[in-house]
Each structure stands twice: as C-alpha cells, then as structure tokens.
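According to the numbering used here, the sequence shown is numbered sequentially starting from 2. The block underneath contains the structure these notes are about, expressed in structure tokens.
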Amino acid sequence: MAGLTETLARHRLVGLDTAVFIYLLEDVPPYAALARSVLESIASGAVGGVTSALSLMELAVKPLRAGRADLADEYEARISGISNLLVAELDRTALRRAAEIRASYRLQPADALRVGACLRHGATAFLTNDRDFRRLDEIDVILLSDYLEHDGLIDDGQR
2 MAGLTETLAR
12 HRLVGLDTAV
22 FIYLLEDVPP
32 YAALARSVLE
42 SIASGAVGGV
52 TSALSLMELA
62 VKPLRAGRAD
72 LADEYEARIS
82 GISNLLVAEL
92 DRTALRRAAE
102 IRASYRLQPA
112 DALRVGACLR
122 HGATAFLTND
132 RDFRRLDEID
142 VILLSDYLEH
152 DGLIDDGQR
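Right, here's the structure in full:
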C-alpha cells in the first residue's frame, strides 16, 4: 500500500473531516502526526484541501464547554489560516448535494453536510477515520487508520 502522502497526491482536491483537525489541535496520538503531515501537504500546495464550515462549529464545542472562547477563536484562526485549504460555506448547491447523499446512503445529517460541501467544490477524496463514509461511491474515502502501520506510526503490537 502506498503511504498517505502518495495516496493524497493522486487527487487535486481532498475533503477533510473534522477529525483530522481534532487530531492535530488536541495532539491525539497516534493520529496527530498523520494529520500534521496532511495539513503540511495542503499548506505547501502539494494538494488542495476543502472542509465544511461545519468543522469550525464542531471544533469550537469543546473549548466553549470549558469556558475557553479564546481557544475556540484560536482553533478557528489556525484552520482558516492554512494556505490552500478552503473552508466551504454551506450554500444551496452543497445542501442539495448533502440531501442526495443522505437520501442515498442514510448518513447522519452532519456527515452528509460535510461530504456534500466537499463534493460541491470538486473534492475527489475525503479523509476521515469514520468507516461509515466508505459506503459512498461518489468520492474516494481515505481512512487515516489505514496508514498508521504503513507510515511507521504504530506496529502490530499497538493495535
């Protein structure tokens, strides 16, 4: 199997699930290193990235629950400041695409909105760790967990 960087390089634009940002911002092992690598590839222009504006809402929840509006603001600024990453608004085209996805695959509303926004902007891959997305035919679903062993982040004894 190719490494994650090689897999992403096959695509012009990759959609990102909120989990990718959570792994990086909250330094979640062993995924933080993969998330960092992906976002560095996007920032360098090796591949384009897109995520739904819904991700900004989801990233703000934990800090806001902890009374840390400043941290919620920092997370939003960090994500919004990544070069070559589009934070896509949910316009009518994205909403309709999400409705089609939800009708066809019975995804949860937030999941359908996330992938609908990415498809609306032309993403051909969606990076996540949620196996439910594997049902989709419209987009190449890439699971971070599939790359842990290949990219040397865990060995078989850590699973």
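Note that CB positions come from ideal geometry on N, CA and C, so glycine has one too.
So, does the segment 107 to 114 touch the segment 81 to 90, judging by three or more C-beta pairs under 8 Å? no
Three or more beta-carbon pairs under 8 Å between the segment 63 to 76 and the segment 142 to 151, yes or no? No, because fewer than three Cβ pairs between the segment 63 to 76 and the segment 142 to 151 fall closer than 8 Å, the two stretches do not touch.
So does the segment 124 to 139 actually touch the segment 58 to 71, counting three or more Cβ pairs closer than 8 Å? no
Measuring alpha carbon to alpha carbon, tell me which residue in Thr94, Glu59, Ala20, Ile102 is nearest Val39. Selected option, being the one with the closest Cα: Ala20.
Quick check on Ile43: does DSSP put it in helix, strand or coil? helix
Please list, in chain order, all residues of the same chain as Leu26 whose beta carbon is under 6 Å from its beta carbon, the five residues on each side excluded. Tyr76
Go through its chain and collect everything with a Cβ distance to Ser42's Cβ below 7 Å, but skip five positions before and after it. Thr6, Leu9, Val48
Check the Cβ-Cβ distances between Glu41 and every residue of chain D, and say whether any is below 8 Å. Here there is only one protein chain, and chain D is not present.
Whose C-alpha, out of Asp138, Val88, Cys119, is nearest the C-alpha of Asp94? Residue 94 is actually Thr in this sequence, not Asp. It is Cys119 whose Cα lies nearest to the Cα of Thr94.
Taking the alpha-carbon positions, what's the Glu101 to Gly123 distance? 16 Å
Starting from Asp28, trace the beta strand (DSSP E) both ways and give me its first and last residue. Element bounds for Asp28: n/a, residue is neither H nor E.
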